[in-house]
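First comes the structure, then the notes that go with it.
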Amino acid sequence: MASGRANRPKKKSKTTRVPVPKPHDPLPKPRPSLPFDVVYQVSQYLDTHRRTLRAISLTCRVWRDAVRSHLFRRITLSDTDSFERFRALVDAQPHMLRWIYEVYVSGRKEAYGIPEWLGRFSDIFPPEKIPKLRGFGFVELQEAYGAPWDYVALAETLPKLSVYTTVTSLAVLDCMLPYDVFQAISGAFPELTDQHVHGTRCSAPHPQRPLQNLNLPVKLSTLKLHGYGPSLIQSSHCGLRRSPVSDYTEALGSLRVLHYNVDVDEWLMNGIGKILALGTLHKLRHLGLLFPTSSRCFSQNIDAARALRLCDLPRLRTIYMGCLVPCIDANAYFNGAIPYLLRELQHEHLRTIVVALAFTYMGDFMDAEFSSVDSHLATGILLDKLPALKEVRFVYHGNLSPAKYTAKIKRMFPRLKRAGVLTIASGSEQPPPDSQERCL
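Heads up, the sequence shown is in full-length UniProt numbering, so the first residue is 1 and it goes up one at a time.
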């Protein structure tokens, strides 16, 4: 008995692993694009293994549709060789063009501005061959050292893109280009309605303005401006508040949704400040503001926020305010930045204010620090400064239980709770403001 008990295997203790939720990142990140080399190899494999495909299609009828809608949705062309391989692939399989929804031009391998093959793109792939094309993008386009931008080639290439009337969205990601080139790219597509600019810096435009005869966007309704840190390259067109407004700024009168990172590059900061100060956003309905992680960055860029007091936004319905991540001086920052902005808001048609709070610890935001925010909003409702305000929504992001955050926010804003306009939502349940217009 003793020997049998001694040889009996020991039971392993069970350990429970607690899943750690990922921290919330309110900045919209671009979806990872599929390199053309991968698409080329997969296409060859699919074309040479038809017997395998036939067997798969018998067991799963949705397999082919899934490949068409996901694998070939976005094509990224990074250099001249990839463009030629893509052309050869389309010649062999012309039906593949019906699966493409987005085409991205990348400068990761040949960083010399707008590539030469883009001027031949519309001739080789006319719009009737790509009927489902909805988006176009430029990624990491920079000018080579010592080689200026070829404005003559740009003036010939960009107008050719106007034949793609089905393109409604444009992305400019991690680029460094002159401001007039950015304007010309934005106006290259006549039916453009959505534009996303992320991590992009602009240098001074050409002094002779060789691209001034090109088109500007006329139907733009959604604009998202995001970036990191102050730009190292200053733009001469927005150096002073008294300098003239750019043509691109004047073309933004059709905007309905504007998402804006307050810590974005300086050329964007001053440009948006002028837009708000001149009151050209008469159709704007949703305004989203993402703040930097320190109050020092906000104080350096206070001019654009001060323009809220001078702007005329008769159709503004929703304003979103959110901090990127919690920071060391979060208490002092929120006590200064958000109340300052809210004091500038006296729009009679404003219905909803959304404030996003990112918690690392429960003590990141002290109750007393938000007393000015609570009293200012409650006083504005009582004195009819915000007569149409129906909801002040606080969206929390953190790893603790929802009950703790709900009790915390109710203690921070007792006056809004008594006024009946305070609502609380979780960041995991509430979609980010950049996903859809109605999320604001």
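Think of the CB as a built atom: it goes at the ideal place given N, C-alpha and C, for glycine as much as any other residue.
Assigned exposure category for residue i - 16 Cβ within 10 Å defines buried
{"i": "R201", "result": "buried"}
{"i": "I319", "result": "buried"}
{"i": "H95", "result": "exposed"}
{"i": "V167", "result": "buried"}
{"i": "residue 445", "result": "This structure leaves residue 445 out entirely; the chain is present only between 1 and 440."}
{"i": "L268", "result": "Unreliable positioning characterises L268 in this predicted model, as indicated by a pLDDT of 48, which lies under 50. A coordinate reading is not provided."}
{"i": "L422", "result": "buried"}
{"i": "P205", "result": "buried"}
{"i": "G322", "result": "buried"}
{"i": "P131", "result": "exposed"}
{"i": "G187", "result": "buried"}
{"i": "K390", "result": "exposed"}
{"i": "T379", "result": "exposed"}
{"i": "D180", "result": "buried"}
{"i": "G420", "result": "exposed"}
{"i": "N261", "result": "buried"}
{"i": "Q208", "result": "exposed"}
{"i": "E84", "result": "exposed"}
{"i": "I353", "result": "buried"}
{"i": "Q93", "result": "exposed"}
Secondary structure of residue i, DSSP reduced to three states
{"i": "K219", "result": "coil"}
{"i": "G427", "result": "coil"}
{"i": "Q195", "result": "strand"}
{"i": "L77", "result": "strand"}
{"i": "T318", "result": "strand"}
{"i": "L289", "result": "strand"}
{"i": "K417", "result": "helix"}
Span of the alpha helix (DSSP H) around residue i
{"i": "D91", "result": "T80 to A92"}
{"i": "K254", "result": "What sits at residue 254 in the sequence shown is Ser, not Lys. Taken as a continuous stretch (DSSP letters only), S254 belongs to no alpha helix (DSSP H), as it is neither H nor E."}
{"i": "D312", "result": "Counting along the chain, D312 falls outside any alpha helix (DSSP H), and DSSP gives it neither H nor E."}
{"i": "Q183", "result": "Y179 to S186"}
First and last residue of the uninterrupted beta strand (DSSP E) at residue i
{"i": "A356", "result": "T352 to A358"}
{"i": "R201", "result": "R201 to S203"}
Is the segment 176-192 touching the segment 209-221 in the sense that three or more CB pairs, one from each, lie closer than 8 Å?
Counting Cβ pairs under 8 Å, three or more are found: they touch.
Segments assigned beta strand (DSSP E), at least 3 residues, entirely inside the segment 367-414
You should have 391-397.
Can you find at least 3 beta carbon pairs, one from the segment 131-143 and one from the segment 163-182, that sit closer than 8 Å?
Yes, the segment 131-143 is in contact with the segment 163-182.
Go through the segment 95-174 residue by residue and report every complete run of the alpha helix (DSSP H) that reaches 4 residues or more, in order.
Counting whole runs of 4 or more residues, the segment 95-174 contains the alpha helix (DSSP H) stretches 121-124 and 151-157.
Stretch pair the segment 394-401 + the segment 369-377: three plus CB contacts closer than 8 Å:
Between the segment 394-401 and the segment 369-377, the count of Cβ pairs shorter than 8 Å is below three; the stretches do not touch.
Could you say if the segment 113-127 and the segment 146-161 meet the contact criterion of at least three C-beta pairs nearer than 8 Å?
Yes: the two stretches touch, three or more of their Cβ pairs being nearer than 8 Å.
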